[in-house]
Amino acid sequence: MEKAPITPGACRPGKYLSRLKGKRVAFVGNQTSSVNGRHTLDFLLENGVEVVRIFGPEHGFREMADDATPVKDRMDTVTGLPVVSLFGDIEKPTPEHLKDIEVFVYDIQDVGVRFYTYISTLSFIMEAAGEAGIPVMVLDRPNPNGHYVDGNILDPAFSSFVGRHCVPIVYGMTVGEYARMMNREGWLGGGVQCELEVVPVEHYDHSMPYSLPIKPSPNMPDDKAINLYPSTCFFEGTALNEGRGTDRPFKVFGSPLLPETGFSYIPMPTPGASEPRFKGQVCHGMNLSDYPERLSRVNFEWIIWAYDRYPDKRRFFIPFFNNLAGGTTIKSQIVAGWSAGQIRDSWREGILRFKEIRSRYLLYPDFE
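The sequence shown lines up with residues 17 to 384 when you count with the numbering used here.
In structure tokens, the structure reads:
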């Protein structure tokens, strides 16, 4: 018997349109916000919903700016509505932004990784909404990395925009489930809570693979990159190139300083990576494009492989690595010669504690 298709929350308008009509709406979205091929914002406007303001995350609203590049406020070129960037001068809406809003609608596709910044934007939206007494509606979407939980628990001393909360690297929750957890666990600023409603995904459980119809950010082109990302993004915190400036971001890594390996590539400017590290230089490293496994763990074997071969180990890590790693422990373990398996074993107790918390907020059958 053929399984019913997975239906994201945004594609179930009967569950939310009637409650938005007659209200002044702030829409939080980007290029992944979609209702059966129509941008969710356009769909709302066509169906009589009064959207008064747009908020955009990292990379922008309809456009896709480079990683970590501040985005300016602007007018939406399609609708003429004002777009407030939450990845530029501010990360959290100000009271001035909220004065004519009656409800927030959040619709962004995530990839389920602690340092992917869309959940940080969601947390700041929820904080601002809770302080102002404005409800938040999350149109939920599947998590392509929702089939496992793995990684160290973030040290609160290293809370940042690439990891605000004490969760593992891969937390195995949709944005709707994560929002419920933030709200009820008191993880929003000052312990504030907002009035939260999640429009759930239909016909979904956490064991299901899910192929994203729209790439969620400029350098996340396909299912393999999304699955490797929790492991290979850590190269952003090293002296290596992580595939930006190629057609295989997060699927290759290398450096001109690594010894020849039989695989090399030359990073060049690409959409979303206008100034890649080692632009125009031959990088030696590894190609994971055909890695056969669907990862259900965070794999540090590749970082360790590169560290062992890098000629100047004092310069292998850059400070950003500890932000991605949510603390100093993983770097210290690698430097001390721990194996990938030993590093993973050190996460066991933290993962078990987190899973107890996580279980209280799941909306869909779990992978176990």
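Using N, Cα and C, we set each Cβ at its ideal position, and we do this for glycine too. Quantities reported herein were computed from a predicted structural model and do not represent experimental measurements.
In the three-state reduction of the DSSP assignment, T254 falls in the strand class, which pools E and B.
Looking at the backbone, the Cα of W321 and that of V51 are separated by about 43 Å. With contacts defined as CB atoms closer than 8 Å, T190 and P229 fail to qualify as a contacting pair.
Exclusion of the five residues before and after N168 leaves P184, I185, A341, G342, G343, T345, I346, S362, W363, G366 as the residues of its chain whose Cβ lies within less than 8 Å of its Cβ.
The count of Cβ pairs closer than 8 Å, one atom from the segment 114-134 and one from the segment 219-239, reaches three, so the stretches are in contact. Under the DSSP assignment, N235 falls outside any beta strand (DSSP E); it carries neither an H nor an E label. By DSSP's assignment, L212 forms a beta bridge with V152. Cβ neighbours of E317 within its own chain (closer than 8 Å, five residues either side excluded): A356.
Of the residues S227, F251, G149, the one whose Cα lies closest to the Cα of V208 is G149. The residues W203, in chain order, have a CB closer than 6 Å to that of H181 in the same chain once the five nearest residues on each side in sequence are set aside. Across the structure, Q297 and P272 are spaced so that their CA atoms are roughly 7 Å apart.
Within its own chain, the residues whose Cβ lies closer than 6 Å to the Cβ of L33, once the five positions on either side in sequence are excluded, are N63, listed in chain order. Every unbroken stretch of the beta strand (DSSP E) spanning 3 or more residues and falling wholly within the segment 106-172 is given here in chain order: 119-123, 152-155. Under a 10 Å Cβ-count criterion, I334 is classified as exposed, with fewer than 16 other Cβ atoms of the shown protein chains found around its own Cβ. Note on the segment 316-373: whole alpha helix (DSSP H) runs with a minimum of 4 residues are 317-325, 336-341, 345-351, 356-361, in chain order. DSSP lists N303 as the bridge partner or partners of V268. A direct Cα-to-Cα measurement between T286 and R360 gives close to 34 Å. For S247, the enclosing alpha helix (DSSP H) starts and ends at 239-248.
Beta-bridge analysis with DSSP links Y377 to no other residue. As computed with DSSP, H55 is found in a beta bridge with S50. DSSP, read as helix, strand or coil, puts Y187 in coil. Annotated three-state conformation of R90 is strand, per DSSP.
For S101, the enclosing beta strand (DSSP E) starts and ends at 98-101.
Annotation: R313 is outside any alpha helix (DSSP H) and is labelled neither H nor E by DSSP. Note on geometry: alpha-carbon atoms of F120 and T248 lie some 34 Å from one another.
Note on L274: 16 or more other CB atoms within 10 angstroms of its CB, so buried under the neighbour-count rule.
If you look at R69, you'll find it in the beta strand (DSSP E) that goes 66-72. Judged by beta-carbon spacing, A42 lies beyond the 8 Å limit of V65, meaning their Cβ atoms are not closer than that value.
Pairing D92 with I70 gives a Cβ-Cβ distance under 8 Å. Here T137 is buried, its C-beta having at least 16 other C-beta atoms within 10 Å. Ranked by Cα distance from K295, the options Y226, N303, M284 are led by M284. About 7 Å separates the Cβ atoms of Y187 and R130, confirming a contact at the 8 Å cut-off.
Counting other Cβ atoms within 10 Å of its Cβ, T277 stays below 16 and is therefore classed as exposed. Sequence-distant partners of V165 (beyond 5 residues in either direction) whose C-beta falls short of 8 Å from its own C-beta, in its chain, are P184, V186, Y187, G188, I367, F370, K371, R374.
The beta carbon of Y377 sits closer than 6 Å to those of E193, R196, M197, all from its chain and outside the five residues before and after it, given in chain order. Your pair Y220 and Y122 does not check out as a contact, with CB atoms roughly 18 Å apart and the cut at 8 Å.
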